[in-house]
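See structure below.
2 protein chains.
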Amino acid sequence: MYEKKIPKDFSCGFSVLMEIIGGKWKSYLLYLIHNGVHRPNELHKQMPSATRRVLNMQLRELEFHGMVKRVIYPELPPRVEYFLTEFGDSLLPVIFEMNEWGNNHLERFQKLITDKQLEAVA
Amino acid sequence: MYEKKIPKDFSCGFSVLMEIIGGKWKSYLLYLIHNGVHRPNELHKQMPSATRRVLNMQLRELEFHGMVKRVIYPELPPRVEYFLTEFGDSLLPVIFEMNEWGNNHLERFQKLITDKQLEAVA
DNA sequence: CTGCATCCTGAAAGATACTG
DNA sequence: CAGTATCTTTCAGGATGCAG
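Read top to bottom, the protein sequences are chains X and G.
Using UniProt numbering, read the first sequence as starting at 1 and increasing by one per residue.
Using UniProt numbering, read the second sequence as starting at 1 and increasing by one per residue.
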């Protein structure tokens, strides 16, 4: 199905999708951009625990994969904005569905983790 | 949305889902088990490039997360089989959808990679 | 504000060899 | 056939600092 986190074999759809949204912040980036957060600095404020460097890297990857478009305004101070492409839009429903499934089982999952931690202590 | 490949913050559904199927072979394992491949050795044959050790680890994680059930037959030679739980079943549609989206854009993506590689050579 | 260059760490995955 | 125990490798992601 998929061979590596960054596989060489993209023979199945799953591997392709994982390649595109497999990055640590990519899904969130897509989500935020979709919701009107377009500038790098604003995106960063929404996920302070991520580094600007990492954000840039992932944004570039998303750009390379055709999910977002990078628009540069030749101003001073410099301004850059990211927008979803049609391709990127097409992915949103899938991400939302993934998120929804997770939310549907969130409590169960958190309980699982909590119990496990209690076990570990005991 | 999600903080780490193996995050500590499971406050959003996406992170939960990524925790569960984020492993290198997990989605494929679920898929194979769903399709009637139940025994570790058979599973391994379907993905020879994975190590038995890694497969075991990921199967155990899937078991821990309640996606699969491990059944041990006290025979000689020893036999073990994995089955999807209801919980695991509920995830399949999502995985299939992810796979379908990827397949729908597979050609485009492969072309992208190919072109990129040609670029790199030039 | 924007991004890049450098170095570093940690966790996942591979290799190998072992037991029941 | 099943699984586990080490050791090593790999690489995405983090920390920091500089530059346009």
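Where a beta carbon is used, it is the ideal one built from N, C-alpha and C, also for glycine.
DSSP beta-bridge partners of residue i
{"i": "residue 45 of chain X", "result": "Paired residues: none, contrary to the question."}
Span separating the alpha-carbon of residue i from that of residue j
{"i": "residue 43 of chain X", "j": "residue 93 of chain G", "result": "31 Å"}
{"i": "residue 13 of chain G", "j": "residue 75 of chain G", "result": "41 Å"}
{"i": "residue 108 of chain G", "j": "residue 77 of chain G", "result": "48 Å"}
{"i": "residue 63 of chain X", "j": "residue 82 of chain X", "result": "9 Å"}
{"i": "residue 56 of chain G", "j": "residue 36 of chain X", "result": "43 Å"}
{"i": "residue 3 of chain X", "j": "residue 49 of chain G", "result": "Caution is warranted here: a pLDDT of 34 is assigned to residue 3 of chain X, below 50, making its placement in the model unreliable, and the coordinate value is therefore given only provisionally. Answer to the nearest angstrom: the Cα atoms are 8 Å apart."}
{"i": "residue 85 of chain X", "j": "residue 70 of chain X", "result": "10 Å"}
{"i": "residue 21 of chain G", "j": "residue 46 of chain G", "result": "18 Å"}
{"i": "residue 67 of chain X", "j": "residue 17 of chain G", "result": "21 Å"}
{"i": "residue 113 of chain X", "j": "residue 100 of chain G", "result": "31 Å"}
{"i": "residue 30 of chain G", "j": "residue 40 of chain G", "result": "12 Å"}
{"i": "residue 72 of chain G", "j": "residue 61 of chain X", "result": "44 Å"}
Bounding residues of the beta strand (DSSP E) (the contiguous stretch that carries residue i)
{"i": "residue 70 of chain X", "result": "68-73"}
{"i": "residue 84 of chain X", "result": "79-84"}
Chain X residues whose Cβ lies nearer than 7 Å to that of residue i
{"i": "residue 100 of chain G", "result": "13"}
{"i": "residue 35 of chain G", "result": "The contacting residues do not exist; residue 35 of chain G stays about 11 Å from chain X at best."}
Residue span of the alpha helix (DSSP H) that contains residue i, given as start and end
{"i": "residue 56 of chain G", "result": "52-64"}
{"i": "residue 13 of chain X", "result": "13-21"}
{"i": "residue 29 of chain X", "result": "26-34"}
Listed by chain order, chain G residues near residue i by CB distance under 8 Å
{"i": "residue 42 of chain X", "result": "What residue 42 of chain X touches in chain G: nothing, since even the nearest Cβ is about 16 Å away."}
Among the options, the one whose alpha carbon lies nearest that of residue i
{"i": "residue 34 of chain G", "options": "G:101, G:95, G:103, G:114", "result": "G:95"}
{"i": "residue 59 of chain X", "options": "X:25, X:91, X:87", "result": "X:25"}
{"i": "residue 23 of chain X", "options": "X:32, X:11, X:38, X:54", "result": "X:54"}
Residues that residue i contacts on chain G, provided the C-beta gap is smaller than 7 Å
{"i": "residue 126 of chain X", "result": "Coverage of chain X is limited to positions 1 through 122, which leaves residue 126 of chain X absent and any answer about it impossible."}
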